[in-house]
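Notes follow the structure.
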Amino acid sequence: MRTPEPRAGRGDGPSIPAVTPRYSLVQEGTAATMTTLTKPAPTKRRRARNPRTWLRGGGLSNLLFAAPMIIIFGLFSFYPIIRAFVMSFQKTNLIADPQWVGLLNFQRVLEDPVFWVALQNTGWFALLALIFGYPIPLIAAVLMSEVRRARGLYSVLAYLPVVIPPVVAVLLWKFFYDAGPNGVFNTMLGWVGLGPFPWIQDATMAMPSIVLEATWAAAGGTIIIYLAALTGVAPELYDAAEIDGAGIWRKIWHVTLPQLRGVLLITLILQIIGTAQVFLEPFLFTDGGPANSTVTLLQLIYRYGFQNSLGGNYGSATALSVMLALFLALLSFVYFRLTSGWSKN
Amino acid sequence: MTTTSTRSDAGVAVTADAVLDTAPAPTRRRRLGKKKPAAAGPSDERGIISTNEWSRRGIRRSANGIQITLLVLLAIGGLGPILWLAKAAITPTQDTLRTPMALFPNGFAWDNVSKAWTTIGLDVQFMNTVWVALGVLVMQLVVTMTAGYVLAILKPAYAKVLNALVLATLFVPSVVLLVPLYLTILDVPFLGISLQNTFWAVWLPAGANAFNILLVKRFFENLPPEIFEAARTEGAGSFRIFWQIVLPLSKPIIGVVSVFAVIAAWKDFLWPKLVLALPEVQPLSVRLPQLQQTIDLGTYLAALAISTLVPIVLFIIFQGLFLKSAGMGGAVKG
Amino acid sequence: MKSPIKALTLTVSALAAIGLLASCSNGANPGGGESADGQVELSVVSLIPGTEQAAFDAFNNQVKQFEKANPDIKIKPVEYEWKADTFPALLAGGTLPIVYTIPFTDGQTLIENGQIADITEEVKALPFYDKFNKNVLSAGTDDKGHIFAVPREAYGNGLQYNRDLFTQAGLDPDKPPTTWDEVRAAAKTISEKTGAAGYMQMTQGATGGWQTTVATYAHGGRMEEIKGDKVTATLDTDATKKSLQFLKDLRWEDNSMGSNFLYDWGTINKAFASGQIGMFTGGSDLYTALIRENQMDPAHYGITTLPLEGKDGAVLGGGTLSVVNGKASEAQKKAAVKWINFYYLQKYLDKDAAITDAKTLAAANQAVGTPALPIFDKATLDESREWIKDYINVPQDQVAPFTSKIFDQPLVIEPTKSTQDIYGILSPVVQAVLTDKNADIDALLKQANADAQAVLDRG
Numbered sequence: 070m071r072t073p074e075p076r077a078g079r080g081d082g083p084s085i086p087a088v089t090p091r092y093s094l095v096q097e098g099t100a101a102t103m104t105t106l107t108k109p110a111p112t113k114r115r116r117a118r119n120p121r122t123w124l125r126g127g128g129l130s131n132l133l134f135a136a137p138m139i140i141i142f143g144l145f146s147f148y149p150i151i152r153a154f155v156m157s158f159q160k161t162n163l164i165a166d167p168q169w170v171g172l173l174n175f176q177r178v179l180e181d182p183v184f185w186v187a188l189q190n191t192g193w194f195a196l197l198a199l200i201f202g203y204p205i206p207l208i209a210a211v212l213m214s215e216v217r218r219a220r221g222l223y224s225v226l227a228y229l230p231v232v233i234p235p236v237v238a239v240l241l242w243k244f245f246y247d248a249g250p251n252g253v254f255n256t257m258l259g260w261v262g263l264g265p266f267p268w269i270q271d272a273t274m275a276m277p278s279i280v281l282e283a284t285w286a287a288a289g290g291t292i293i294i295y296l297a298a299l300t301g302v303a304p305e306l307y308d309a310a311e312i313d314g315a316g317i318w319r320k321i322w323h324v325t326l327p328q329l330r331g332v333l334l335i336t337l338i339l340q341i342i343g344t345a346q347v348f349l350e351p352f353l354f355t356d357g358g359p360a361n362s363t364v365t366l367l368q369l370i371y372r373y374g375f376q377n378s379l380g381g382n383y384g385s386a387t388a389l390s391v392m393l394a395l396f397l398a399l400l401s402f403v404y405f406r407l408t409s410g411w412s413k414n
Numbered sequence: 038m039t040t041t042s043t044r045s046d047a048g049v050a051v052t053a054d055a056v057l058d059t060a061p062a063p064t065r066r067r068r069l070g071k072k073k074p075a076a077a078g079p080s081d082e083r084g085i086i087s088t089n090e091w092s093r094r095g096i097r098r099s100a101n102g103i104q105i106t107l108l109v110l111l112a113i114g115g116l117g118p119i120l121w122l123a124k125a126a127i128t129p130t131q132d133t134l135r136t137p138m139a140l141f142p143n144g145f146a147w148d149n150v151s152k153a154w155t156t157i158g159l160d161v162q163f164m165n166t167v168w169v170a171l172g173v174l175v176m177q178l179v180v181t182m183t184a185g186y187v188l189a190i191l192k193p194a195y196a197k198v199l200n201a202l203v204l205a206t207l208f209v210p211s212v213v214l215l216v217p218l219y220l221t222i223l224d225v226p227f228l229g230i231s232l233q234n235t236f237w238a239v240w241l242p243a244g245a246n247a248f249n250i251l252l253v254k255r256f257f258e259n260l261p262p263e264i265f266e267a268a269r270t271e272g273a274g275s276f277r278i279f280w281q282i283v284l285p286l287s288k289p290i291i292g293v294v295s296v297f298a299v300i301a302a303w304k305d306f307l308w309p310k311l312v313l314a315l316p317e318v319q320p321l322s323v324r325l326p327q328l329q330q331t332i333d334l335g336t337y338l339a340a341l342a343i344s345t346l347v348p349i350v351l352f353i354i355f356q357g358l359f360l361k362s363a364g365m366g367g368a369v370k371g
Numbered sequence: 008m009k010s011p012i013k014a015l016t017l018t019v020s021a022l023a024a025i026g027l028l029a030s031c032s033n034g035a036n037p038g039g040g041e042s043a044d045g046q047v048e049l050s051v052v053s054l055i056p057g058t059e060q061a062a063f064d065a066f067n068n069q070v071k072q073f074e075k076a077n078p079d080i081k082i083k084p085v086e087y088e089w090k091a092d093t094f095p096a097l098l099a100g101g102t103l104p105i106v107y108t109i110p111f112t113d114g115q116t117l118i119e120n121g122q123i124a125d126i127t128e129e130v131k132a133l134p135f136y137d138k139f140n141k142n143v144l145s146a147g148t149d150d151k152g153h154i155f156a157v158p159r160e161a162y163g164n165g166l167q168y169n170r171d172l173f174t175q176a177g178l179d180p181d182k183p184p185t186t187w188d189e190v191r192a193a194a195k196t197i198s199e200k201t202g203a204a205g206y207m208q209m210t211q212g213a214t215g216g217w218q219t220t221v222a223t224y225a226h227g228g229r230m231e232e233i234k235g236d237k238v239t240a241t242l243d244t245d246a247t248k249k250s251l252q253f254l255k256d257l258r259w260e261d262n263s264m265g266s267n268f269l270y271d272w273g274t275i276n277k278a279f280a281s282g283q284i285g286m287f288t289g290g291s292d293l294y295t296a297l298i299r300e301n302q303m304d305p306a307h308y309g310i311t312t313l314p315l316e317g318k319d320g321a322v323l324g325g326g327t328l329s330v331v332n333g334k335a336s337e338a339q340k341k342a343a344v345k346w347i348n349f350y351y352l353q354k355y356l357d358k359d360a361a362i363t364d365a366k367t368l369a370a371a372n373q374a375v376g377t378p379a380l381p382i383f384d385k386a387t388l389d390e391s392r393e394w395i396k397d398y399i400n401v402p403q404d405q406v407a408p409f410t411s412k413i414f415d416q417p418l419v420i421e422p423t424k425s426t427q428d429i430y431g432i433l434s435p436v437v438q439a440v441l442t443d444k445n446a447d448i449d450a451l452l453k454q455a456n457a458d459a460q461a462v463l464d465r466g
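Residue numbers (my numbering), protein chains in the order written: chain E, 70 to 414; chain G, 38 to 371; chain F, 8 to 466.
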């Protein structure tokens, strides 16, 4: 049940979040057989009860080494997590004492018409991100894995957009997306007689435009992950397939893809977890517009907590955070069940 | 990157292992599943297409054709926007507005760059970004190294609990933390002070990174325990072992954690935006969206270009490390 | 510790208990601020960060003068500038000083949130209390008549126009449009002749709703109706429909609004200052921001009054309120109102104070003489303007179309209940009208009105 989760950006990006090495899944795993296989034999050490033995046994220095982790995680991870749950049942303005309000915060969120729009938009973003962002890196990675010369150049080029700070990338694309005939994209499309398109100035086009940028920004990272996985496919499997008379396509279909299914599943779930927390792109591109067509759940949390009512509505903000977190935890659970299913096969 | 596993679902783990492989003499490595014998060797010896197939003209031609097309597409997508930004940074505003795709129709505007740097005060935010990134790096190294040492090598009785707790935070999406962590920064428990508008507000929470602890712990578990046993029998204490044995052996994993830390810090937006409200302490990523409201377009695009320069230069210098880390985690964007 | 799961459950529940205790005990901080010798320490906002030293010297002189007159108060100045994107963080951070300033728009929200102090008693005790323009004072007053904020300066919304674009389009910048039809015609001409957007309106965040309210007031409508305890949302009146239909016509029939429609206060100012927008509605105090932040050529700036229609046509007012932090102690509240009187109000009432203030502003490169509305009566304002006429640096003939007529226009403040929420509900409607050719104004407003009513009903 060790689920990786997008960590790096405090949930403000779609893209491909941190992938925990699958080792960790099994290493602490439930299946006893696995554990014996993977866990380094624990050095048996008697628990020291006497303070002096404890000290001599390195108890104090152990504690000193554990201290940074305990303090930092305690203050900046566990305390806020618990506080989130507490606050979701409270009303607070940071000046008067917080009041318990039961489920009122949750009710408020569910009654907010924008919540349902945001939910729909976030789902739409996730779906579009899958349609754009899932096959392209895979195809690119498979093609790149066959490159014999200057493969490094391919990787570097593919990875460059990932290196550009996301804020810069979005602001740059925002300029590219200028809806006038002199916009960068509209100028280029004008050369072939297309456009001008409204891009992010139109309720229908805004979300796909945003996803296009997000895909551009994230694809490189996914390509590199797939490439790494592709180099892990044992050549013997291809040899064997060839003996059976398989051509290139059949090898891809029967060897490559099945070999990648693990990593494909991981990136799939992680991409969904990441896109459910998308913030940066819609916030900077359109601030949720036009006409709420790109407002997302995380953006709504931000509005509740920090924007609309001058930072007043912490109750609704935490209530929505908790609901989103529970949903994501559920996804993580499904992910765990699925992956443990895979490892049994 | 040499790999050996045959497990179909261990793709990512395999690459993680590739990094861990750089650990000195991992004599007691354990694997999940069967160990695959002797598949090591240059992985590009063969891929999907066999040498046999390569020798066929049709296949070679179309493969080459596809690969050249791919290269061109990657160049347009990867390099294009950066080159355009570099051009726009030194183009007069009106030219960029009217003919964004023209190459310097009316000469250059070098002063965009100097204006962005001095008049707008971008130098301040630039240095702030550097400080934020360095602080995050130090914080993450301190926490992950000590934590990894405790969890993987010292292993006191409570290590299991700590391990479980740290791993549990991987389960909790960061979105839950947004509001309460913000309020924690405003009034830190026990200390009763506000860290708002100080770099500590970014540095300290960055230390709570379970993913990196996990990486380091894995790495330490793969170090040969004999070394520590030997050192202990020679009477070395925990601190000496940490300084003189563990840290020197940890260079590869320190490199990986450093890449993750610096990149994440350079890119982070929402969190620093919340806790660093004053321009004097804001990093570039937070300041740039505000600048778009005031400064002249040419200067603004120069500011964007300046902000991109350092990550790109770092990437070009350390590309090997970057790509290796990305293959491991892809934790880089976001 | 047999299993990590068990250990985890135990620890989590222990932590949960601690968390509960911690979050319950984190109550209100006492205001404090009283030093041993009975002196009240009062933190106040001073000038915008980065202001020239000369201005700070002038400010410090005023502080000395105040402390001399009030030996029991010790002033602690803090540099400050209200900015939409940083203010919420400062507010939540609890780092704001005891006296600070906010725009009218935020007054009601802060009152509803209980984040600013009730200063009714102190304000009513001011000798010139009766002179306050009641309309303006109401921006900082709640529905029970309690005063939470003192107006510092007031402005009316007007039609901002770029004189340079007017000239380029062959229009006379000294004869700006006076009816909505003329605005429409001018927008079309500018758009056709110059390629710039002839007319634009803020649309993003709360600003879209705010400026729609401006247009609605000008067409004779209001956003809410208060009868006793009952507040009724009136977002779907003919006035709002007309003002949206106006935008729709300009956008889809005349195509005179350019091609970018997502603007907030900052971005529309920038686009206007750089000549991409011919006309838009905004506060009459915009001059400072346009010139200082967006480097607009002062010669291009023009402002006139909004065309008013219907018998209730009115100008939406705005301005700056000085407020006292909700954390202030009783002693601090008293001291705070004394300071507000001395530093913010006396410049309208006392010649020396007026000149000192104007000198400070001029030294700080700030605009002196932006078109303003009286927070007392017009005679008082005129008199204070006369005192400082040597320091005025805003081109008065370019703002004359506004200043010559604004005092004949009825001034109404913003909706008082759930202001920001209502603005937030209206913004997407404006965006829909501008980005969707088939937007159904009636249906959109009907829905918006229902949403607004729901917000008002839950209070």
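A virtual CB, placed ideally from N, CA and C, is assigned to each residue, including glycine. Quick caveat: nothing in here was measured; it's all calculated off a predicted structure.
request  = Assign ILE233(F) to one of three DSSP states: helix, strand, or coil.
outcome  = Position 226 of the third sequence, counting from 1, holds the residue named residue 233(F). Correct three-state label for ILE233(F): strand.
inquiry  = Which same chain residues end up closer than 6 Å to PRO104(F) when comparing Cβ atoms and leaving out the 5 residues on each side of it in sequence?
reply    = Here residue 104(F) corresponds to residue number 97 of the third sequence, with the count starting at 1. Around PRO104(F): SER50, VAL51, VAL52, VAL85.
query = Any heavy atom of the ligand PLP closer than 7 Å to the CB of ALA243(G)?
reply = Only the bare structure without any ligand can be found here, which leaves the ligand PLP out of the picture.
inquiry  = With the cut-off set at 8 Å, would you say PHE155(F) and ASP188(F) are in Cβ contact?
reply    = To locate residue 155(F), count along the third sequence from 1; it is residue 148. To locate residue 188(F), count along the third sequence from 1; it is residue 181. Not a contact, by the Cβ cut-off of 8 Å.
query = Any C-beta of chain F sitting closer than 8 Å to the C-beta of GLN162(G)?
reply = Residue 162(G) sits at position 125 when you count from the first residue of the second sequence. Put simply, the CB of GLN162(G) is far from chain F, with every gap to its CB atoms at 8 Å or more.
query = Given LYS412(F), which residues of its chain have a CB within under 6 Å of its CB, disregarding the five upstream and five downstream residues?
reply = Start at 1 with the first residue of the third sequence, and residue 412(F) comes out as number 405. Here the set comprises THR312.
message = Please report whether the beta-carbon of LYS182(F) lies at a distance below 8 Å from any beta-carbon of chain G.
response = The residue you call residue 182(F) lines up with position 175 of the third sequence. Put simply, the CB of LYS182(F) is far from chain G, with every gap to its CB atoms at 8 Å or more.
task = Flag this pair as yes or no: are the beta carbons of VAL143(F) and ILE347(F) separated by less than 8 Å?
result = Within the third sequence, numbered from 1, the residue matching residue 143(F) stands at position 136. Within the third sequence, numbered from 1, the residue matching residue 347(F) stands at position 340. In this structure, the beta-carbon distance from VAL143(F) to ILE347(F) does not fall below 8 Å.
task = Starting from the beta carbon of LEU311(G), find every residue of chain F whose beta carbon is closer than 7 Å, and list them in chain order.
result = Here residue 311(G) is taken as the residue at index 274 of the second sequence, counted from 1. The CB of LEU311(G) comes closer than 7 Å to the CB of ALA96 in chain F, given here in chain order.
inquiry  = Mapping the DSSP letters down to three states, classify PRO348(G) as helix, strand or coil.
reply    = Your numbering for residue 348(G) matches position 311 in the second sequence. DSSP places PRO348(G) in the helix class (H, G or I) of the three-state scheme.
ask   = In three-state terms, what does DSSP make of LEU452(F)?
value = Here residue 452(F) is taken as the residue at index 445 of the third sequence, counted from 1. Looking at LEU452(F) - three-state DSSP - the assignment turns out to be helix.
message = Under 8 Å: do the stretch 316-324 of chain E and the stretch 253-271 of chain E share three or more Cβ pairs, one atom per stretch?
response = Segments in contact, no.
ask   = Is any beta-carbon of chain E found at less than 8 Å from that of ARG135(G)?
value = Taking the first residue of the second sequence as position 1, residue 135(G) is located at position 98. True, the Cβ-Cβ gap to chain E drops below 8 Å.
request  = Taking C-beta pairs closer than 8 Å, name the residues in chain F that ALA314(G) reaches, listed in chain order.
outcome  = For this step, residue 314(G) is matched to residue 277 along the second sequence. Per Cβ cutoff of 8 Å: THR93, ALA96, LEU97, GLY100.
Unbroken alpha helix (DSSP H) run spanning THR130(G), endpoints = Position 93 of the second sequence, counting from 1, holds the residue named residue 130(G). From DSSP, the alpha helix (DSSP H) with THR130(G) extends over 130-135.
query = Helix or strand or just coil, what does DSSP make of TRP89(F)?
reply = Locating residue 89(F) in the third sequence gives position 82, where the first residue counts as 1. Coil at TRP89(F), not helix or strand.
ask   = How would you label LYS230(F), buried or exposed, when you count the other beta carbons within 10 angstroms and need 16 or more for buried?
value = To locate residue 230(F), count along the third sequence from 1; it is residue 223. Residue 230(F) is actually Met in this sequence, not Lys. Classified as buried, MET230(F) has 16 or more neighbouring CB atoms from the shown chains inside 10 Å of its CB.
Residues bridged to ALA156(F) (per DSSP) = Residue numbering aside, residue 156(F) sits at position 149 when the third sequence is read from its first letter. VAL330(F), per the DSSP bridge assignment.
ask   = For GLY364(E), which of VAL178(E), GLN376(E), GLY374(E), PRO351(E) has the nearest alpha-carbon?
value = Position 295 of the first sequence, counted from the first residue, corresponds to residue 364(E). In the sequence as presented, Gly is not what sits at residue 364(E); that position holds Val. The shortest Cα separation from VAL364(E) among VAL178(E), GLN376(E), GLY374(E), PRO351(E) belongs to PRO351(E).
task = Note down, in chain order, all residues in the stretch 359-373 of chain E with a beta-carbon under 9 Å from any beta-carbon belonging to chain F.
result = The residues in question are PRO359, ALA360, ASN361, SER362, VAL364, ARG372.
query = If we ignore side chains and look at the alpha-carbon of each, how far apart do LEU368(F) and ALA342(F) end up?
reply = In the third sequence, counting from the first residue as 1, residue 368(F) sits at position 361. In the third sequence, counting from the first residue as 1, residue 342(F) sits at position 335. Roughly 24 Å between the two C-alpha positions.
query = Smallest Cα separation from GLY185(G): which of PRO217(G), ALA245(G), PHE208(G)?
reply = Here residue 185(G) corresponds to residue number 148 of the second sequence, with the count starting at 1. Of PRO217(G), ALA245(G), PHE208(G), the residue nearest in Cα terms is ALA245(G).
Whole-angstrom C-beta distance between GLU337(F) and PHE111(F), which should lie under 8 Å = Counted from its first residue, the third sequence places residue 111(F) at position 104. Counted from its first residue, the third sequence places residue 337(F) at position 330. That belief does not hold up - the Cβ atoms of PHE111(F) and GLU337(F) are roughly 27 Å apart, past 8 Å.
ask   = Given 8 Å as the limit, is there contact between the stretch 200-218 of chain E and the stretch 284-297 of chain E, that is, 3 or more CB pairs closer than that?
value = As far as the Cβ criterion goes, the stretch 200-218 of chain E touches the stretch 284-297 of chain E, which means the pair count is three or higher.
For LEU49(F), three-class secondary structure by DSSP = Here residue 49(F) refers to the residue found at position 42 when the third sequence is read from its first residue. When DSSP states are grouped into helix, strand and coil, LEU49(F) belongs to the strand group.
request  = Would you decide whether GLU282(E) is buried or exposed? Buried here means 16 or more other CB atoms lie within 10 Å of its CB.
outcome  = Position 213 of the first sequence, counted from the first residue, corresponds to residue 282(E). Looking at its Cβ environment, which holds 16 or more other Cβ atoms inside 10 Å, GLU282(E) is buried.
message = For MET257(E), report the span of its alpha helix (DSSP H) as first-last.
response = The sequence position of residue 257(E) within the first sequence is 188, counting from 1. 253-260 is the span of the alpha helix (DSSP H), which, as asked, contains MET257(E).
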